[in-house]
Amino acid sequence: MDSPVNDDEGVYGYLYSNPEDGEEIEEEEEKFSYFKLLDKPRILPEPVDLTHEHLKEIGYELGLIKMCWPEVLEPFFEDRTNFPMRYLKNNEKEKVLLLYTENFRKQFVQKFPDRKPLLLAAENECGIVKMVCTTIRPTNVPYPELETWQGCASFLADHIKFEPMEDIPTLLPIRLYSPHTTLLRQSGQTFELATTLCSILIGVGYDAFVVSGYAIKDVTLRIMIRTDCPIPPFKEEEEKPPETPIEEKYKLKPPKDLRSKFLLMMEQRELDKVREKEAKIAEEALQKRLEEEARPEDELEGQRIHAWVLILPSEKDVQEPFYIEPSTGFSHPLDTDIYLGIESIWNHQNYYVNLQDCSKGIADMEFDLQNNEKWIHFLVAEPMKYRKQKPKDLGDDDDVRDMYEEKHLDMPTSWSMKINIPHESLKKRFPEGYRITNYKRVLIEEYAPFISYDGLVTRITRFQDFDCTIPEVIEEEFENRHDKFYRSIQMCDTNLVTDYFQKGREDAVIKHVYIRNNDEVNAARTIFFNHEGRYDALHKIEVEPNKITEHYKNRDDRLYYRQVTYDTGEDPVAKSGPSYRRPILKVIQKYERDESKPSHEDIASREFAIVGREIRIKFHYGKNNVTASTRVFMKPPLSDIGEEMVFDPDMTYGYQAEIGVKRPRQLTLYLMFEEQLKEEEKVINNIREVEAQISEFLLIRAREMAFSKLDVPLFNIEQNAEYRQAMLDKEEQARVYKEKEIEEDIDYFAPYLAKLGGPPRLTFSQAKEARDCCLREFKELLVNRANVMQKQFEKMSDKLQAKKLYYTATHDVLTPQEEADYFAEVNNIMLVMKALQIRLNRHKELASVRYQVMANYLFHHPMLKILYRRRKK
70 MDSPVNDDEG VYGYLYSNPE DGEEIEEEEE KFSYFKLLDK PRILPEPVDL THEHLKEIGY
130 ELGLIKMCWP EVLEPFFEDR TNFPMRYLKN NEKEKVLLLY TENFRKQFVQ KFPDRKPLLL
190 AAENECGIVK MVCTTIRPTN VPYPELETWQ GCASFLADHI KFEPMEDIPT LLPIRLYSPH
250 TTLLRQSGQT FELATTLCSI LIGVGYDAFV VSGYAIKDVT LRIMIRTDCP IPPFKEEEEK
310 PPETPIEEKY KLKPPKDLRS KFLLMMEQRE LDKVREKEAK IAEEALQKRL EEEARPEDEL
370 EGQRIHAWVL ILPSEKDVQE PFYIEPSTGF SHPLDTDIYL GIESIWNHQN YYVNLQDCSK
430 GIADMEFDLQ NNEKWIHFLV AEPMKYRKQK PKDLGDDDDV RDMYEEKHLD MPTSWSMKIN
490 IPHESLKKRF PEGYRITNYK RVLIEEYAPF ISYDGLVTRI TRFQDFDCTI PEVIEEEFEN
550 RHDKFYRSIQ MCDTNLVTDY FQKGREDAVI KHVYIRNNDE VNAARTIFFN HEGRYDALHK
610 IEVEPNKITE HYKNRDDRLY YRQVTYDTGE DPVAKSGPSY RRPILKVIQK YERDESKPSH
670 EDIASREFAI VGREIRIKFH YGKNNVTAST RVFMKPPLSD IGEEMVFDPD MTYGYQAEIG
730 VKRPRQLTLY LMFEEQLKEE EKVINNIREV EAQISEFLLI RAREMAFSKL DVPLFNIEQN
790 AEYRQAMLDK EEQARVYKEK EIEEDIDYFA PYLAKLGGPP RLTFSQAKEA RDCCLREFKE
850 LLVNRANVMQ KQFEKMSDKL QAKKLYYTAT HDVLTPQEEA DYFAEVNNIM LVMKALQIRL
910 NRHKELASVR YQVMANYLFH HPMLKILYRR RKK
């Protein structure tokens, strides 16, 4: 066999030879021969035996629609066998629709041979071919959370697990399950997700369409690693201080700039070089980051089949059309780059084929579905909202009505069952109760309520690098916590943790900032309080190793700041004792201005120097003063303090800022000094209380984090199932007991029959004795009840008389409070006596009636018939 001819040498050598060299051209012409090229050996593929499966696959690739409708006698789909009849066969109208669909497909292929097949019909759960428009089942679910497209898309993206397309992502799907089955399976491919979402959105009131087209690889496989996190970093709103207008009546001119302009220019040049270098480094880092985050090349770019949802403007406050990705629940504008082409769109009323060029993207797509040059209608009939002329506009004439009567095929009703979303599924949200998603530099862990023992619902870990190896921030959100704890943010580099609490805690804490793994009581931390919920109006506590700073708001005494400084040189042996309290060096307090007092009497700041044994006071500035009055008190030595403190004028000195104000007298200074000493003792007690509160808070927080307790809302049916069942059992027991009381009458004569041994029949003497005993004891019971009430009445009467005698003897010396207590007690005694009198009178009136009722009861008792028979004889 001849050796194969090299195509490159023959053809390309002939085409690119030098035309000036005639000999070379002739030589090349002699070497090249078309006969040798045609006769060269070829390697043919091995013959393949065509089977029914091969033909079936070819039919799927071409988009052929089955024109036979076999009856499914024993349907079986996963774990379900009970399907409605419309799942198992096509009715006459659906058969006509499929014939119409196949005819439409043939015409489309003939007119557009270069276009890929359209998804017009697919098999359902039972293997029956159904038109895709009839798979959409508009349903309005009865939950307020699903009344908006955001709620619907987010819930379905969380509730239904995304299944990638088959092994060949460029082929249309073989099956299309109903939305009801998709929700029951909690799993589905992209077309099933889009159909389910479209069904709910149409039921809610949106103008939604399922879109069949092409998307990038990350979207078709739900790869989120290159997608920005939808949850932005948490930023706490900073409290802005109230702006106070400043009266600038006189302004100082700025001083002349005497610096050297040359030196300034040189400094600016150096700064520009540094900034340019920093900008270059930042640009290189950004470029490197963009290269890391860039999508890799895809051999099937623009060929991967995908489905999503289109929302057109409607009455549901939608002004501009947009897309919704059903696998993530995110919305995207029309000029997004994740979708690369559109083949067709459809809803429950019609099917539309796109005629616009998508080779350069879909940013310029127009969705005017009435434009026949850009969209092909599958059915001639248009929905009523798209028609320009309505029946009422044409009149009521019979000829007009006959002309307007539709005589063409319209879309049959959906064969799918109504979508049902149980409340338990709505609350559980995720198929397994939780979901973990990797976004760009972010890892999100989501949990359904009451799945985690500590109430965790979301944990967001933000990383510094694209490989997600170096965590930067960890954000956690909690729900239903008994301790009102709902958010925690940890900075990983510094271990700084910020815990947030809802209002309603007993200690009124709303925020706690601390360093993790540092459980010391005196470690640096800041605790914020809801000052409106505390009796002391405490707003914030800043704890440092040797200092505690307290901030207050809206206190009656106008205190807003207190700082306590401790001695850091304490004895380590004494520090380890159980009753150890850190020694205080000094306390500084600050007060707001009280306009009701003169400035020289209104304290602005007060310092208690515990070790220096001084009290330093500074008063507020006067209206026209540039200095403020001060006063310093020096406490006497401890050895000079006896039972009574002797005040020495040399123990105090001060400065008076107001001109013309008299100097304070010695008595005034003494009283002021005595008041400050009492305030110092009171302040130290308050400080010890705050220290105890901090220790108690840390102990409670450690217990709350170790043994978390969750509160179940009253109307939570799923979590209150045990309590609800117990309540139902209790109601059932009460109902049965009540029915038993009604059905079974009480036999008052039974105890007397038991005394006789329960004979089947009684003799005359036994019956007479038992009846007389019953009547006698019943009479004694009535008399005893009357006697008891009479004795209680007499006892209260004697008590009332004793109270009156006591008041008569001592009313002159009684205090107002004791007198008020006396009258209140007398009123209570008289009320009890009146109630006893009413009960006694009623008992006397009904005693004879009750006795007669008992006698009649015994007269008709079946065991006492012998008495009345003897009497008749």
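Each residue of the sequence shown is one higher than the one before, starting from 70 at the first, in my numbering.
Here a beta-carbon is modelled for each residue, glycine too, at the ideal position from N, C-alpha and C.
Exclusion of the five residues before and after Ala517 leaves Lys496, Lys497, Arg498, Phe499, Gly502, Tyr503, Val526 as the residues of its chain whose Cβ lies within less than 8 angstroms of its Cβ. The region 404-414 makes contact with the region 268-280; the number of CB pairs closer than 8 angstroms reaches 3 or more. In the structure shown, Phe742 falls within a helical segment according to DSSP collapsed to helix, strand and coil.
Between the alpha carbons of Ala697 and Ile672 lies a gap of roughly 10 angstroms.
Residue pairing from DSSP places Met200 in a beta bridge opposite Ala190. Burial is judged here by how many other beta carbons sit within 10 angstroms of a residue's own beta carbon; His689 has at least 16 and is buried. Looking at Asp625, Arg627, Arg624, Leu607, the one whose alpha-carbon comes closest to that of Thr618 is Leu607. Going by DSSP, Met560 is part of the beta strand (DSSP E) stretching over 554-560. Beta-bridge pairing by DSSP links Ser281 to Ala376, Ser413. For Glu838, the closest of Leu654, Leu874, Leu822 by C-alpha to C-alpha distance is Leu822. The C-alpha of Thr884 is placed about 41 angstroms away from the C-alpha of Arg734. In the structure shown, the three-state DSSP call for Gln658 is strand. Taking His669 as the centre and dropping the five residues before and after it, the same chain places the C-beta of Phe688, Gly691, Ser698, Gln725, Ala726, Glu727, Val730 closer than 8 angstroms to its C-beta, in chain order.
If you draw a 10 Å sphere on the C-beta of Arg338, you find fewer than 16 other C-beta atoms in it, and that means exposed.
Residue state for Ser674 is assigned as strand, using DSSP reduced to three classes.
Where Phe833 is concerned, there is no enclosing beta strand (DSSP E), although the alpha helix (DSSP H) around it starts and stops at 833-879. Assignment of Tyr246 by DSSP, reduced to helix, strand and coil, places it in the coil class. In its chain, beyond the 5 residues on either side, Ile205, Arg206, Pro207, Thr208, Pro248, Ile488 have a beta carbon closer than 7 angstroms to the beta carbon of Ser268. Counting only residues of its own chain and dropping the five nearest sequence neighbours on each side, Thr289 has a CB closer than 8 angstroms to the CB of Pro233, Met234, Pro238, Thr259, Arg373, Ile374, His375.
Ranking Pro302, Phe177, Asp287 by CA distance to the CA of Glu366 puts Asp287 first. Between the alpha carbons of Asn693 and Lys659 lies a distance of about 21 angstroms.
Less than 8 angstroms separates the beta-carbon of Lys609 from that of Ile596. Between the alpha carbons of Arg770 and Ile657 lies a gap of roughly 29 angstroms. In the structure shown, Asn694 adopts coil according to DSSP, grouped into three states.
DSSP places Lys616 inside the beta strand (DSSP E), whose first and last residues are 616-621.
Between the C-alpha atoms of Ser483 and Lys162 there is a straight-line separation of about 12 angstroms. The residue from Glu849, Lys872, Val895, Cys427 with its alpha-carbon nearest to that of Ser917 is Glu849. Here the region 921-935 makes contact with the region 816-833; the two share three or more CB pairs at distances below 8 angstroms. Spanning the alpha carbons of Arg254 and Lys807 requires a straight line of approximately 46 angstroms. A Cβ-Cβ separation of about 17 angstroms leaves Pro395 out of contact with Leu241 under the 8 angstroms criterion. The count of Cβ pairs closer than 8 angstroms, one atom from the region 781-799 and one from the region 754-771, stays below three, leaving the stretches out of contact. Under the three-state reduction of DSSP, Met480 is assigned to coil, being neither helix nor strand.
Under the Cβ criterion (8 angstroms, minimum of three pairs), the region 132-139 counts as touching the region 179-189. For Tyr169, the uninterrupted alpha helix (DSSP H) segment begins and ends at 161-180. If you look at Arg685, you'll find it in the beta strand (DSSP E) that goes 683-688. Ranking Glu765, Pro110, Ala904, Ile684 by CA distance to the CA of Asp576 puts Glu765 first.
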